[in-house]
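Step one of this worksheet: look at the structure below.
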DNA sequence: CCGCATCCCATGTGATACTG
DNA sequence: CAGTATCACATGGGATGCGG
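Protein chains in written order, with our numbering: chain S, 1 to 213; chain V, 1 to 213.
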């Protein structure tokens, strides 16, 4: 059970001893979106074996990265304050890995929590501050995200609601975020389907959210 | 040989598929300091089995993170431009892991490359810019680092030379970087030994390099 | 049902030895 | 010096079971 060690007195090795095991960082990624139950984590990580999930949850608790939410009737896992400090790591990993994402394969899913963190990664706080407050609903296969941008603040939650623009898309969202697919073309080619609201707001979306490819 | 996949269309998972295997990020860490030969990498990662090192080097080449340096007579590994973009990830990991570093154990070593990256992590560019150019030699067990700070620029290399301040220390350098041990106390208690130059420059060192604990 | 625990097998890892 | 080869073992993956 003792985490395998690297035998070095170094911050990077220490970090990897805590969250470097397979699946661990993905549990952290999903918990960065919000507290989650065991089943919710399992649903967000479709290919994780249940014994591994249970083991990781135990290890991450032991080393102070996550905890069971106190005074909650049901069992809910959440990040500790120290665990929440992993956000810069996850964002940096996401930005780097984004550039290596090819086209999606059949066996790859887009989960709501992964997409939420991707939007946080792509969020341009400085640019958003110059734009009027805007809310979006983005349908991405399974994920249905309510995205509210207000100045430098970003809030992403699940669900639907009254928003300025609602649109549906698929994995093409990657090209939209990287700028390889213009909002106009995305609409005319059908890569993005406008559900409600003026389609021109999609351009504002792409200015608010951008990731280099 | 095909990297184990997570089955998600997501930047974080893609990144972990490329550099999430055990030891991979540490190879990247050391190559961020500079190109290295096979034997140098093995020396910087004392506990890595040779077959694992060989395997990782092959995988990292295949996925475009590292390469054998071209037109070099001997075999030298270096990061590709894309691999070099992992620096923010390694720095973020190092900063986070630093907070979880306890006191060093007998079986833990401090390697020159790990220490170099730790200094890069701790470097306060903005503060350094306000201070006069200063060069240091830091002896840390095996590691003997020549640290040159000139405005916002930092250069760390191995070796010795004429510098403003030369000092020797051990794992206590962690307390020095976190501010839990003041430069004065470090000198009076012998945690830091001044070899050459005025000891008061150690205070400038700690202002230039700082990591939150 | 939810939150795991158990079992079994495939694969990855680690230590050591060895080679071009 | 820069890796392979080999083998024992730990970990991961997938299916299944099971108590609260």
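Glycine is no exception: its CB is placed at the ideal position from the N, C-alpha and C atoms.
Closest to residue i by C-alpha separation, out of the options, would be which residue?
i: residue 99 of chain V; options: V/19, V/171, V/42 and V/178; result: V/178
i: residue 26 of chain V; options: V/14, V/213 and V/66; result: V/66
i: residue 104 of chain S; options: S/187, S/81, S/139 and S/171; result: S/171
i: residue 34 of chain S; options: S/157, S/187 and S/6; result: S/157
i: residue 36 of chain V; options: V/77, V/64, V/70 and V/69; result: V/77
i: residue 86 of chain S; options: S/200, S/118, S/15 and S/160; result: S/15
i: residue 18 of chain S; options: S/115, S/202 and S/83; result: S/83
i: residue 130 of chain S; options: S/39, S/6 and S/207; result: S/207
i: residue 161 of chain V; options: V/145, V/154 and V/153; result: V/145
Under the three-state reduction of DSSP, which class applies to residue i: helix, strand or coil?
i: residue 55 of chain S; result: helix
i: residue 108 of chain V; result: coil
i: residue 9 of chain V; result: coil
i: residue 135 of chain S; result: strand
i: residue 172 of chain V; result: coil
i: residue 155 of chain V; result: strand
i: residue 66 of chain S; result: strand
i: residue 160 of chain V; result: coil
i: residue 180 of chain S; result: coil
i: residue 204 of chain V; result: helix
i: residue 194 of chain S; result: strand
i: residue 32 of chain V; result: helix
i: residue 87 of chain S; result: helix
i: residue 26 of chain V; result: helix
i: residue 71 of chain V; result: coil
i: residue 124 of chain S; result: coil
With burial defined as no fewer than 16 other Cβ atoms inside 10 Å of the residue's Cβ, what is the status of residue i: buried or exposed?
i: residue 204 of chain V; result: buried
i: residue 211 of chain V; result: buried
i: residue 89 of chain V; result: buried
i: residue 213 of chain S; result: exposed
i: residue 49 of chain S; result: exposed
i: residue 142 of chain V; result: exposed
i: residue 74 of chain V; result: exposed
i: residue 169 of chain S; result: buried
i: residue 133 of chain V; result: exposed
i: residue 4 of chain S; result: exposed
i: residue 174 of chain V; result: buried
i: residue 81 of chain S; result: exposed
i: residue 79 of chain S; result: buried
i: residue 188 of chain V; result: exposed
Note down, in chain order, all residues in the segment 197–212 of chain S with a beta-carbon under 9 Å from any beta-carbon belonging to chain V.
211
Counting Cβ pairs, one atom from each stretch, are 3 or more of them under 8 Å apart for the segment 116–130 of chain V and the segment 28–45 of chain S?
no
State whether the segment 52–66 of chain V contacts the segment 19–32 of chain V, with contact taken as three or more CB pairs (one from each stretch) at a distance under 8 Å.
yes
Stretch pair the segment 141–151 of chain V + the segment 178–193 of chain V: three plus CB contacts closer than 8 Å
no
Pairs of beta-carbons, one from the segment 7–21 of chain S and one from the segment 89–98 of chain V, closer than 8 Å: are there three or more?
yes
Using a Cβ-Cβ cut-off of less than 7 Å, give me the residues of the segment 37–48 of chain V that come near chain S, in sequence order.
46 and 47
Three or more C-beta pairs below 8 Å linking the segment 185–199 of chain V and the segment 157–175 of chain V:
yes
Proximal residues, the segment 4–15 of chain S versus chain V, C-beta separation under 9 Å:
4, 5, 6, 7, 8, 9, 10, 11, 12, 13, 14 and 15
Do the segment 106–115 of chain S and the segment 28–43 of chain V touch if we need at least three Cβ pairs shorter than 8 Å?
no
Compile a chain-ordered list of the residues in the segment 114–133 of chain V whose CB is closer than 9 Å to at least one CB of chain S.
114, 115, 117, 118 and 121
Closer than 8 Å, Cβ to Cβ, to anything on chain S: give me those residues from the segment 80–93 of chain V, in chain order.
82, 85, 86, 88, 89, 90, 92 and 93
Report the residues of the segment 154–166 of chain V with a CB closer than 8 Å to any CB of chain S, ordered along the chain.
none
Could you list the residues in the segment 49–69 of chain S with a C-beta less than 7 Å from some C-beta on chain V, going in chain order?
none
Return the residues of the segment 167–183 of chain V that lie within a Cβ-Cβ distance of less than 9 Å from chain S, sorted by chain order.
171 and 174
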